[in-house]
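Counting the sequence shown from 1 gives a position; this note's numbering is that position plus 21.
We put the beta carbon where it would ideally sit given N, CA and C, even for glycine.
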Amino acid sequence: MTVEARPMSHWSSVDRPPLVIAGPCSAESEEQVLETAARLAPLRVHYLRAGIWKARTRPDSFEGIGAPALKWLVRAGAEHGMRTATEVAHAHHVEAALEAGVDLLWIGARTTVNPFSVQELANALRGCTVPVFVKNPTAPDFGLWMGAFERVAAAGIRDLGAIHRGVSVADSAPFRNAPMWSLVLELRRELPDLPLLCDPSHICGRRDLLETVAQRAMDLGLDGLMLESHRDPDKAWSDAAQQVTPERLGGILSKLEVRSNAEDPVFTASVEGLREEIDALDQKLVELLVERLGVVDRIADLKQARHVTPFQLDRWRQLLVNRLAHGERLGLRADYVQAVFDTVHEESLRRQSERMAEDQSSTT
Ligand code: PEP
Ligand code: MN
């Protein structure tokens, strides 16, 4: 199914990237939303965010104020010259948020994983004209993310956007949700015009990593950032460890370098995708070298038992002729193959001698 995503310039007056969505994880009180907004207003923040309904992992956590907090968000945005944004997870959230006048809606990571929920939201969004952003699902599943865009686009929504917030994986350290840039770049290749944001707050889960992840997102040519900011982060009712004061957020934003090569997102995405392929191949290469040395060790043990020397000229000559011929057939230059195998062979000999010497000293 095709997704016709319009570039951000169609609906946003943001003069230059990044588009910035910032505000507290959750709206806690009218005062808290208003004060945070007042302190965010002098920064380069385009949309004021606040979670109204919170999808929490555990039921005993704060689950959001709910609909009554919508008017705090809308009032704070109006008083401080920012548009507003919130997360929707049910049809009745969509109705309430649109009715209150929220300017941008997003579908959260815990909702994107469920096609039933996404379809319910898409039906509720039909005919709506505000931009709708979709966060990647918590699982590292590109199909689910694309499926959500297809469902929302099929409901007639043209102003779509994506937010990368990391994925749940067993070993995400040091992050809360590991960034998966390959997923982001795949989306960039599939839908080059789709505005693509990064949410360093939910990726990092802690303040000290935010700047690095935000800069990485800019280096990859992403169009904007969603960052959580609270007037008193340590006292936040949700996601305290990852929130920063508006002033600290200002510091992060002012240090960001938005480089010019990020202006061609398809180029950046292609180069980055190829680099990931190289990284994976190099990893395999290293693993193969380790595996090869394992076999060398076994040969050393056999030679040791028979009192055979590590170096056998005939075997080495034959090996080299064989490798050079194979390399040549596959288009590799002979001197390149020779240099690689000289190094490989040298290490094999060193390893065999070392192992044999060790054995000898342990038996004497
Ligand atoms: C949020 O933005 O507050 C949120 C809950 O994010 P996510 O859906 O990425 O977990
Ligand atoms: Mn949060």
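Unbroken alpha helix (DSSP H) runs of length 4 or more, entirely within the region 198-232: which are they? 202-211, 221-225
Quick test of your reading: L215 and A26, contact by CB under 8 angstroms. State the CB separation rounded to the nearest angstrom. 4 angstroms
Pop quiz: A183 and V155 are said to be a contact at Cβ under 8 angstroms. What is the actual Cβ separation, rounded to whole angstroms? The Cβ separation is near 6 angstroms, so the contact holds.
What did DSSP end up calling L370 once you bin it into helix, strand or coil? helix
With 16 other CB atoms within 10 Å as the buried threshold, where does Y68 fall? buried
Do you know how far the Cα of E297 is from the Cα of L334? Rounded to whole angstroms, L334 to E297 spans 40 angstroms at the Cα level.
Work out the CA separation of G187 and P161 for me, nearest whole Å. 8 angstroms
Burial state of S369 (16 or more Cβ within 10 Å): Here S369 is buried: its Cβ has 16 or more other Cβ atoms, across all protein chains shown, within 10 Å.
State yes or no: is the C-beta of D260 nearer than 8 angstroms to some heavy atom of ligand 2? yes
How would you label S250, buried or exposed, when you count the other beta carbons within 10 angstroms and need 16 or more for buried? buried
In whole angstroms, give me the CA-to-CA distance for A321 and A360. 23 angstroms
Three-state class that DSSP yields for K276 in the structure shown: DSSP places K276 in helix when its eight states are reduced to three.
If I follow the unbroken alpha helix (DSSP H) through M167, where does it start and stop? 163-175
Got a sec: does ligand 1 put a non-hydrogen atom nearer than 8 angstroms to the Cβ of G72? Yes - ligand 1 has a heavy atom lying nearer than 8 angstroms to the Cβ of G72.
Mind listing, in chain order, the continuous alpha helix (DSSP H) runs of no fewer than 4 residues lying wholly within the region 64-136? 91-100, 112-121, 130-133
Three or more C-beta pairs closer than 8 angstroms, one from the region 248-266 and one from the region 309-316: is that the case here? no
Evaluate G164 with the Cβ neighbour count: other Cβ atoms within 10 Å of its Cβ, from every protein chain shown; 16 or more gives buried, anything less gives exposed. It counts as exposed.
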